[in-house]
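Numbering (our numbering), first residue to last: 22 to 243. One structure is given below, encoded as structure tokens.
Structure (structure tokens):
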């Protein structure tokens, strides 16, 4: 693993999650675009206590490992946020569509993406999660970060980790979220990879940006 220093340093509504999907359309082909974008409400609900956030979708291409069909499989992850605090997240759930959004299955909760006990009244929650296809390995790879809580609240000086999980399309399950292996140094005790957009090289290496709170610098593990 190479750590490379870089010079670069939701609204509470009633909708649960929405997804824009593309379909072929001859009506716009003359304009040089071979698709049309439609907005679909997957489900809705509001309990005035928590809202659904970070709804992001990743696609498993057609005729690829785990998807023998001619249509992409789309998996969208999302999670609840407590509105009476700041960044108080539950575990992750997902939706899935095998027909470009005509029908969705879910919400499905996954123990593998849930909060994890880390000590006396302390839990870590994976969050800011983004699923994205990793072409070299033929896997849907999700990446994110953790927030740590004590008695369901933030506490002074918590660690934070860059984390990942891999989706198994046949079982419709996610692997247990795991920490990105970083050097055992103070500057890597609090690393935020929230809402990060990774970049995959053709050889399979992953450029995954995160910020060290101690150094306030950005690093890219490959």
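Glycine included, every Cβ here is placed at the ideal spot set by N, Cα and C.
(1) DSSP three-state label for residue 209, please.
(2) Where are the beta strand (DSSP E) runs, 3 residues long or more, that stay fully inside the region 154–188, in chain order?
(3) Straight-line CA distance for residue 64 to residue 77?
(4) Is residue 111 near residue 146, with beta carbons less than 8 Å apart?
(5) Which residue or residues does DSSP assign as beta-bridge partners of residue 81?
(6) Helix, strand or coil for residue 107, going by three-state DSSP, please let me know.
(7) Report yes if the CB atom of residue 196 is closer than 8 Å to the CB atom of residue 187, and no otherwise.
(8) Classify residue 136 as helix, strand or coil using the three-state DSSP reduction.
(9) I think residue 164 touches residue 200, with their Cβ atoms under 8 Å apart; what is that distance to the nearest whole Å?
(10) Assign residue 102 to one of two classes, buried (16 or more other C-beta atoms within 10 Å of its C-beta) or exposed (fewer than that).
(11) Applying the 10 Å Cβ sphere with the 16-neighbour rule, what's the burial state of residue 167?
Well, looking at it:
(1) helix
(2) 160–171
(3) 14 Å
(4) yes
(5) 94
(6) coil
(7) yes
(8) coil
(9) Not quite, the Cβ-Cβ distance comes to about 11 Å (not below 8 Å), so this is no contact.
(10) buried
(11) buried
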